[in-house]
Amino acid sequence: MDAGAPSEGWPLDDRGVAYGDGLFETVLVRDGAPRLWEYHLARLARGCRVLGIPMPAEHELERPLAQAGEGVMVLKLIVTRGSGGRGYAPPAAPAPRLRWQLSPLVPDAARWKVGVRVRHCRLRLGLQPALAGLKHLNRLENVLARGEWSEADIAEGLLCDGEERLVEATCMNLFWQRGGRLETPRLDRCGVAGTLRAVLLERLPIAEVDAAPGVLAVAEAVWLGNSVQGLWPVARLDGAGGEALQRWTIGAVHRRLQAVAHEPLGYPTRLDD
Numbered sequence: 243m244d245a246g247a248p249s250e251g252w253p254l255d256d257r258g259v260a261y262g263d264g265l266f267e268t269v270l271v272r273d274g275a276p277r278l279w280e281y282h283l284a285r286l287a288r289g290c291r292v293l294g295i296p297m298p299a300e301h302e303l304e305r306p307l308a309q310a311g312e313g314v315m316v317l318k319l320i321v322t323r324g325s326g327g328r329g330y331a332p333p334a335a336p337a338p339r340l341r342w343q344l345s346p347l348v349p350d351a352a353r354w355k356v357g358v359r360v361r362h363c364r365l366r367l368g369l370q371p372a373l374a375g376l377k378h379l380n381r382l383e384n385v386l387a388r389g390e391w392s393e394a395d396i397a398e399g400l401l402c403d404g405e406e407r408l409v410e411a412t413c414m415n416l417f418w419q420r421g422g423r424l425e426t427p428r429l430d431r432c433g434v435a436g437t438l439r440a441v442l443l444e445r446l447p448i449a450e451v452d453a454a455p456g457v458l459a460v461a462e463a464v465w466l467g468n469s470v471q472g473l474w475p476v477a478r479l480d481g482a483g484g485e486a487l488q489r490w491t492i493g494a495v496h497r498r499l500q501a502v503a504h505e506p507l508g509y510p511t512r513l514d515d
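Just so it is clear: in the sequence shown, position 6 is 248 by this note's numbering, and no numbers are missing.
Shown next as structure tokens:
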């Protein structure tokens, strides 16, 4: 295992650089302690099994935490297959490369309190069940989708797959309540299975469903969430052309799910004070 900080550089023949042949995790770190660590390790281990990359030792993954210090930070871990192989053919005995970066984080508390404006994206995610749920390095679909808007007051874009099913936002998972039932898109064809999503699925009766975008028109509440930003209630949904499709008043139903999501992250669980 070749382990080091990103400042030490990437060889041009690294397969992660050349092909996106690798995985990454973004971990919330509070006063040197990683949040949802076991969930991040489990997702990384699953990704390594699927891609056939040896999993880094836990002590190597934990090494950057010694530099975190006090306060709130984000640890980005990147694991690639390393160098070698001929063309796309992977090396018979991979020598993985681990790189990491620590960055300070100041969450936008206003988004927790008053909610966010989001929009639909025109881009459609490709279906690839073999990679579904993984946080792999090939994120060009997300890059293209995020390039569809530049308005500062639009916080996120919602993505559907090629069969017009809701999947996720560009970097967050999607949740809604319909008829009193909490739901989230099924992620067995594409999309990233977030660690905060995993916690919520364990703690609450959230149904994983196949749903078209129209389901949001009859939802009592909609949220976006991940393990770094926490849970944002959605106040307004726009179409891909910028037209307002739906608005929600942020209320008690939003706060209940936020409280469950924020507790393991160390974020405020009471946001109406």
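In this text, a Cβ means the ideal position worked out from N, Cα and C, and glycines have one as well.
Since we're looking at a predicted model, the values are computed, not measured.
{"Query": "What span of residues does the beta strand (DSSP E) with ASN384 cover, start to end?", "Result": "Where ASN384 is concerned, there is no enclosing beta strand (DSSP E), although the alpha helix (DSSP H) it sits in stretches over 382-388."}
{"Query": "From what residue to what residue does the alpha helix (DSSP H) around GLN500 run?", "Result": "494-504"}
{"Query": "If you draw a straight line from the alpha carbon of VAL460 to that of GLY493, how long is it in whole angstroms?", "Result": "16 Å"}
{"Query": "If you draw a straight line from the C-alpha of GLY246 to the C-alpha of HIS378, how long is it?", "Result": "19 Å"}
{"Query": "Look up THR437 in the DSSP assignment and say whether it is helix, strand or coil.", "Result": "helix"}
{"Query": "Contact defined as beta carbons within less than 8 Å: I believe TRP418 pairs with LEU458. What is the distance between those atoms, to the nearest angstrom?", "Result": "6 Å"}
{"Query": "If you draw a straight line from the C-alpha of ARG420 to the C-alpha of PRO506, how long is it?", "Result": "25 Å"}
{"Query": "Take the Cβ of ALA351 as the centre, count every other Cβ of all protein chains shown within 10 Å, and call the residue buried at 16 or more, exposed below.", "Result": "exposed"}
{"Query": "Suppose contacts are defined by Cβ-Cβ distances below 9 Å. Is LEU270 in contact with SER469 by that definition?", "Result": "yes"}
{"Query": "Go through its chain and collect everything with a Cβ distance to ARG366's Cβ below 7 Å, but skip five positions before and after it.", "Result": "CYS402, ASP403, GLY404"}
{"Query": "What beta strand (DSSP E) runs, 3 residues minimum, are completely inside the stretch 349-377?", "Result": "358-367"}
{"Query": "How is the alpha helix (DSSP H) around ARG257 delimited, first residue to last?", "Result": "257-261"}
{"Query": "Can you tell me which of the three DSSP states GLN419 falls into?", "Result": "strand"}
{"Query": "By the 10 Å Cβ neighbour count, where 16 or more other Cβ atoms means buried, how is GLU425 classified, buried or exposed?", "Result": "buried"}
{"Query": "Quick one: is VAL356 buried, meaning 16 or more other Cβ sit within 10 Å of its Cβ, or exposed?", "Result": "exposed"}
{"Query": "Tell me which same chain residues have a C-beta within less than 6 Å of the C-beta of SER345, skipping the five on either side of it?", "Result": "VAL316"}
{"Query": "Taking the beta strand (DSSP E) that VAL271 falls in, what are its first and last residues?", "Result": "264-272"}
{"Query": "Where does the unbroken alpha helix (DSSP H) through ARG489 begin, and where does it stop?", "Result": "That residue, ARG489, is in no alpha helix (DSSP H); its beta strand (DSSP E) goes 486-489."}
{"Query": "Which residues mark the beginning and the end of the alpha helix (DSSP H) in which LEU507 is found?", "Result": "Note, LEU507: premise wrong, no alpha helix (DSSP H); not H, not E."}
{"Query": "Who are the Cβ neighbours of GLY347 in its own chain at under 8 Å, not counting the five residues just before and after it?", "Result": "Reading off the sequence shown, one finds Leu at residue 347, where the question assumed Gly. Cβ within range, chain order: LEU270, VAL314, MET315, VAL316, VAL470."}
{"Query": "Mapping DSSP to helix, strand and coil, what is GLN309?", "Result": "helix"}
{"Query": "How long is the line joining the alpha carbons of ALA411 and ARG431, rounded to whole angstroms?", "Result": "15 Å"}
{"Query": "Using the rule of at least 16 other Cβ atoms within 10 Å of the residue's Cβ for burial, across every protein chain shown, is SER325 buried or exposed?", "Result": "buried"}
{"Query": "Just checking my contact of GLY368 with GLU383 at CB under 8 Å: how many whole Å lie between their CB atoms?", "Result": "7 Å"}
{"Query": "If you count every other CB in all the chains shown that lies within 10 Å of the CB of ASN415, and 16 or more means buried, which is it?", "Result": "buried"}
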